[in-house]
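In my numbering, the protein residues as written are 147 to 462. Backbone N, C-alpha and C define an ideal beta-carbon position, used for all residues, glycine too. Everything numeric in this text was worked out from a predicted model, so none of it was measured. To start, the structure under review is shown below, and the notes come after it.
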Ligand SMILES: [Zn+2]
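What follows is the structure, given as structure tokens:
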């Protein structure tokens with residue numbers, strides 16, 4: 147019998163399901179719309195049907211050994227999603243239990259950034275590392291902290307919310323209700339805001355809402371040599387480097403991995419980040435900690451990360 151794990155990524159719009167083997171090969175991948183299921187039980191039923199059919203398609207020598215789930219506000223200890231702001235599901239949803247009772251295999255759930263951090267350690271650039279920080283620079287800023295080979299969960303499973311460290315008191319309004327959080331500056335949304343503020347301060351007429359669709363637009367502008375775009379990356383990197391230098395003090399990591407659209411801007415973001423990082427580090431940490439691009443493919447990271455939850459439990 148060949149063992150296989152299901153990796154599930156619950157997003158606000160889509161839920162992606164993948165069947166992943168021990169080596170991190172995704173054998174089958176499937177999509178279910180999250181938005182179409184306002185009741186979590188209905189989504190679970192459909193997702194389980196997809197998994198059953200996928201395993202039948204793979205053949206009778208495959209055996210499902212568990213389900214790993216990455217989800218916003220996922221609680222590893224309780225297997226629940228708790229008050230996720232971008233999901234229609236209200237309150238506390240016992241998602242792991244719902245999957246377990248449907249498919250009768252162990253189900254483990256964690257925050258999506260923690261899952262991706264585990265994916266980096268199991269299948270990506272952090273293979274062999276025991277202490278590192280994983281940062282996703284998407285719409286927001288997510289983070290997973292690995293210390294001594296384990297995700298740092300804290301007493302309630304919600305440790306490692308670096309995106310909501312306040313970097314400027316009375317700074318930009320954050321989705322969490324507070325002001326000045328790191329993710330309002332260092333994320334795709336953040337750099338868009340920085341770029342449009344910069345243009346406005348110079349009275350440059352650009353319809354930012356329609357033209358600056360994503361961070362990729364600012365990246366393309368930077369490649370063309372647009373000074374405002376380059377300055378926006380420099381500003382973003384300066385703040386990110388400072389925040390990362392501060393976060394180092396808690397766990398003394400060997401490396402910090404950057405993942406997501408903004409991280410794909412290469413040196414435009416890495417150079418100012420590393421410069422500010424080294425400038426702001428305490429002496430004992432200087433020139434020791436690598437800031438590296440994630441080795442996970444953008445589209446596969448969430449599934450691989452979720453599945454690695456199961457492969458890690460197997461190894462225990
Ligand atoms: Zn916040």
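Q.
Any beta carbon from chain D within less than 7 Å of residue 211's own beta carbon?
A. Absent here is chain D; the protein component of the structure consists of one chain.
Q. Per the contact definition of three or more C-beta pairs closer than 8 Å, is the segment 231 to 242 in contact with the segment 176 to 192?
A. yes
Q. In chain order, what residues place their C-beta within less than 6 Å of a heavy atom belonging to ligand 1?
A. 310, 320, 322, 324, 327
Q | Residue closest to residue 373, alpha-carbon to alpha-carbon, out of 341, 391, 398 | A | 341
Q.
Can you tell me whether residue 194 is helix, strand or coil according to DSSP?
A. helix
Q: Determine the contact status of residue 402 and residue 388, defining contact as a CB-CB distance below 7 Å.
A: no
Q) Rounded to the nearest angstrom, how far is the Cβ of residue 439 from that of residue 409, given a contact under 8 Å? A) 6 Å
Q: Determine the direct distance from the alpha carbon of residue 245 to that of residue 309, and round the result to whole angstroms.
A: 29 Å
Q: Could you please give the first and the last residue of the uninterrupted beta strand (DSSP E) stretch that includes residue 498?
A: This structure leaves residue 498 out entirely; the chain is present only between 147 and 462.
Q | Sufficient close CB pairs (3 or more, under 8 Å) joining the segment 212 to 219 to the segment 438 to 458 | A | yes
Q: Please name the residue in 166, 286, 311 whose C-alpha comes closest to that of residue 333.
A: 286
Q) Where do the N-terminal and C-terminal ends of the beta strand (DSSP E) with residue 438 fall, by residue? A) 436 to 439
Q. How about residue 151 and residue 212: are their beta carbons less than 7 Å apart?
A. yes
Q: Take residue 164 and list the residues in its own chain whose beta-carbon comes closer than 6 Å to its own, dropping the five residues that flank it on each side.
A: 153, 172, 175, 449
Q: Assuming residue 197 and residue 255 form a contact by the criterion Cβ under 8 Å, report the distance between their Cβ atoms to the nearest whole angstrom.
A: Actually they do not touch by this definition, with Cβ atoms about 15 Å apart.
Q. Taking buried to mean at least 16 other C-beta atoms within 10 Å of its own C-beta, is residue 267 buried or exposed?
A. buried
Q | Exposed unless 16 or more other CB atoms sit within 10 angstroms - verdict on residue 195 | A | exposed
Q: Identify whether residue 174 lies in helix, strand or coil by the three-state DSSP scheme.
A: strand
(Q) Less than 6 Å between C-beta atoms, sequence neighbours within five positions excluded: which residues of the same chain meet that for residue 416? (A) none
Q: With a threshold of 16 other CB atoms inside 10 Å of the CB of residue 273, please say whether the residue is buried or exposed.
A: exposed
Q) Out of 375, 384, 228, which has the shortest C-alpha to C-alpha gap to residue 427? A) 384
Q.
I'd like to confirm the pairing. Which residues does DSSP put opposite residue 405 in its beta bridges?
A. 282
Q) Cα-Cα, which of 193, 170, 169 is closest to residue 178? A) 193
Q: Assign residue 412 to buried or exposed, taking buried as 16 or more other Cβ atoms, counted over all protein chains shown, within 10 Å of its Cβ.
A: exposed
Q | Rounded C-alpha distance that separates residue 265 from residue 259 | A | 10 Å
Q | Beta-bridge partners of residue 327, as assigned by DSSP | A | 312
Q: Using only alpha-carbon positions, find the residue among 203, 280, 167 that is nearest to residue 436.
A: 280
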